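Chains as they are written, first to last, in our numbering: chain A, 4 to 418; chain B, 4 to 418. Worksheet for the structure shown next.
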């Protein structure tokens, strides 16, 4: 089967000069990859006509699909459309449907429509419109000799909407890439090399039509199984069987076979068990509450939290004993136990989770160096603590402590 | 003066396929840009020898500086070094200083050093070592016909350390780019187009050796003035004068002339004024406390917070009146006032800041649609409230409310 090759070209000085991070090309690469189309190159160029014409020719010579993002705005530094007209030797035609959409777009917002806004509806003769319901710059689809150029606005949510609603389905129909299926295994609390060692035997016996990728991040290692083949259903079934076998070997470090974040998985677990939760946070400073409430609908299980940075607040709002703080210090097993129990009782929830540590960069001592963090879980029946010894970076320490706190709740509920 | 042109090449399947976000190329583009070197292209390619050789030749033909990241690891899919050897037709030589460093690196960590680790110290004959104090893969510097190849490991903190300690200084010495200086103006609470309208007259009168860039993000618009010229001190002085003039025109929306985040600027303001702060959060769910405590040393002014998602916690922990909640609802001016005053008194701080709103995606009503957010600031002398009408995206609403809450404190302290 012939491989379909795609190339992604981001256009704009602001990306080239490092003024903004390009997230579009990552999303696009992932999405066309999920269709079974291979990205072989990504290129960023500035807002210069010569550069664009050079890139168009280079890309067309080596790829089947050329996806352009950026440079479709109404101002004079947006030159993707003029460049396409010159490259394909064509003119601009006013598209009536797009003009109607753009006119309504300005009417709805009560803003005057200028001549330059109207020109958003003028598209290169050789192109088809990929409708942009969220903005004024339409996406463009141009075919030539079995190859396809797609031109998209640089605004991420507009670009994604266009690709999801018409770009990706059109690519699938046009190129009919080989069937491809994916199965995710999300893990937390186990490093990449330990995980690889643990599943070595399983990995070696994977059928030849299944590929495995390790995708590590600060939130844990994601495993992705990809299956190729003629029959979608057979592949899906085989991938799920493999994932279940891997889960059996990895154990409780697997928190989902769907591609969801830990906070969402934990939210589902709490909802299913009809349990409520509150946090008592020192070193994480509200980050655990913040990530729990980032999930839509979290008010079903999240009630409230107390961020207790000072010892006074730990005593007054959480009921931590003065003697505990004196004897053991704020960063200690005894203190996090009283914090977790205190918040559970005072906020009135089923579960309390607490954090206390030295996030850094200052504040460490020989006995308790920067990166020392204590966590405690408390419910009516039990209390579980965990000590972490992290590094020197404040942001990383807070992020790790937050993820480990979520995971401590998940593990305590599953045990 | 001749323009020095750089090109950045990121190497690795994981970036090409969209499995990880490439942040290296943004950082590198920004850093060489600050030296006065222009980035004209960025390219990503996979771990394939043929692709690398093609890119090396293309890049060398059009750029003065070619910066490569990735593919320097010890395993067989890391092919940057073999590709460089083939391209420059040279062999590998063991570098004794690097070998000593790698050996010590493993000894310190008590890990066995394998033959593949030892090979990290073998470098192409034509290259000079750019020492990597944080890892085992050294950076490489190769000169040919007045052009330079720099090869760097893909791990961001190692890459940055190598460039900061030797790569960037060496580039500066080798190419002697024109003197360049920057001056930042950080703003918050004013949109890009309003800002542009406001400073139009000032912008038009900028001297010809000063360029202005608008860098918008969710945290506000950053203005960057860049000055070119023979005398560094004269440029610095002129840029600062222009920045002060712009600040005069823009007014209180300017929060700093240094390139610092709002939470850091606010922390400095609180520290200078010897004031303490507590937050009472509903819709932001701890995000305001979390961003305040992300700043090192924030325990000087941050004492604690109460996240009150449920009405019970708003009453019990913050002292909001049941009648207030009944008559006006949780998302109301009256409720946020009682929350801000309540947290200030109960936690015992100088300032209380509160948030209550409908973050979405559900929970809206015709009178209070998704995106309705109330904020209140309270100190001993005054109470100030602010109403926001945001959009439908939960994450964006939380992030905006958080930034506006910080800004409400800043404005209230400055007024």
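Ideal Cβ placement from N, Cα and C applies to all residues, glycine included. Keep in mind it's a predicted model, so treat the numbers as computed, not measured.
- Residue 137 (chain A): not part of any alpha helix (DSSP H); DSSP gives it neither H nor E.
- In this structure the region 269–286 of chain B touches the region 345–358 of chain B; the number of beta carbon pairs closer than 8 Å is three or more.
- In chain order, 362, 363, 364, 365 and 397 make up the part of chain B whose C-beta sits under 9 Å from the C-beta of residue 299 (chain A).
- For the C-beta of residue 33 (chain B), the chain A residues within less than 9 Å are, from N- to C-terminus, 20, 21 and 22.
- Contact between residue 290 (chain B) and residue 136 (chain A) is ruled out by a C-beta separation of about 30 Å, above the 8 Å threshold.
- In the three-state scheme derived from DSSP, where H, G and I count as helix and E and B as strand, residue 91 (chain B) is classed as coil.
- One alpha carbon belongs to residue 201 (chain A), the other to residue 55 (chain B), and they sit about 34 Å apart.
- The DSSP assignment places complete beta strand (DSSP E) segments of no fewer than 3 residues inside the region 293–317 of chain B at 305–311, in order along the chain.
- Of B:413, B:90, B:145 and B:75, the smallest CA-CA separation from residue 121 (chain B) is found for B:75.
- A Cβ-Cβ distance of about 4 Å is found for the pair residue 152 (chain A) and residue 145 (chain A), placing them in contact under the 8 Å criterion.
- DSSP places residue 216 (chain A) inside the beta strand (DSSP E), whose first and last residues are 213–220.
- Residue 9 (chain B): member of the beta strand (DSSP E) spanning 8–14, first to last residue.
- A straight-line Cα-Cα distance of about 39 Å links residue 11 (chain B) and residue 249 (chain A).
- Across the region 33–50 of chain A, CB contacts with chain B closer than 9 Å involve 33, 34, 35, 36, 41, 42, 43, 44, 45, 46, 47, 48 and 49, in sequence order along the chain.
- Setting aside the 5 residues that flank it on each side, residue 268 (chain B) is surrounded in the same chain by 258 and 259, each with a C-beta closer than 6 Å to its C-beta; the list follows chain order.
- Taking the Cβ atoms as the reference, residue 9 (chain B) lies roughly 6 Å from residue 70 (chain B), within the contact range of under 8 Å.
- By the rule that beta-carbons nearer than 8 Å mark a contact, residue 218 (chain A) touches chain B.
- Along the region 123–154 of chain A, none of the residues has a CB nearer than 9 Å to a CB of chain B.
- Counting the other Cβ atoms within 10 Å of the Cβ of residue 164 (chain B) gives 16 or more, which makes it buried.
- Counting only residues of its own chain and dropping the five nearest sequence neighbours on each side, residue 63 (chain B) has a CB closer than 7 Å to the CB of 69 and 150.
- Nearest CB-CB separation between residue 296 (chain A) and chain B: below the 8 Å threshold.
- In the structure shown, residue 414 (chain A) adopts helical secondary structure according to DSSP, grouped into three states.
- Spanning the alpha carbons of residue 138 (chain B) and residue 161 (chain B) requires a straight line of approximately 6 Å.
- Between residue 336 (chain A) and residue 388 (chain A), the CB-CB gap stays under 8 Å.
- In this structure, residue 48 (chain B) sits away from residue 32 (chain B), with a CB-CB distance that is not shorter than 8 Å.
- Ranked by Cα distance from residue 344 (chain B), the options B:392, B:321 and B:243 are led by B:321.
- A direct Cα-to-Cα measurement between residue 239 (chain B) and residue 253 (chain B) gives close to 21 Å.
- Ranked by Cα distance from residue 214 (chain B), the options B:271, B:166 and B:228 are led by B:228.
- A residue is called buried when at least 16 other Cβ atoms come within 10 angstroms of its Cβ; residue 234 (chain B) does not meet this threshold and is exposed.
- If you compare the alpha carbons of A:225, A:283, A:242 and A:297 with that of residue 262 (chain A), the shortest gap goes to A:225.
- Interface criterion met: the Cβ of residue 26 (chain A) is under 8 Å from a Cβ in chain B.
- Look at the region 341–391 of chain A and you find these whole runs of beta strand (DSSP E), each 3 residues long or longer: 354–360 and 375–381.
- Chain A places no beta carbon closer than 8 Å to that of residue 407 (chain B), leaving this residue out of the contacts.
- Against chain B, the beta carbon of residue 350 (chain A) has neighbours under 7 Å at 316, listed in chain order.
- For the region 212–242 of chain A, the set of positions with a beta-carbon nearer than 7 Å to some beta-carbon of chain B reads 216 and 218 in chain order.
- With its beta carbon at least 8 Å from every one in chain B, residue 79 (chain A) lies outside the interface.
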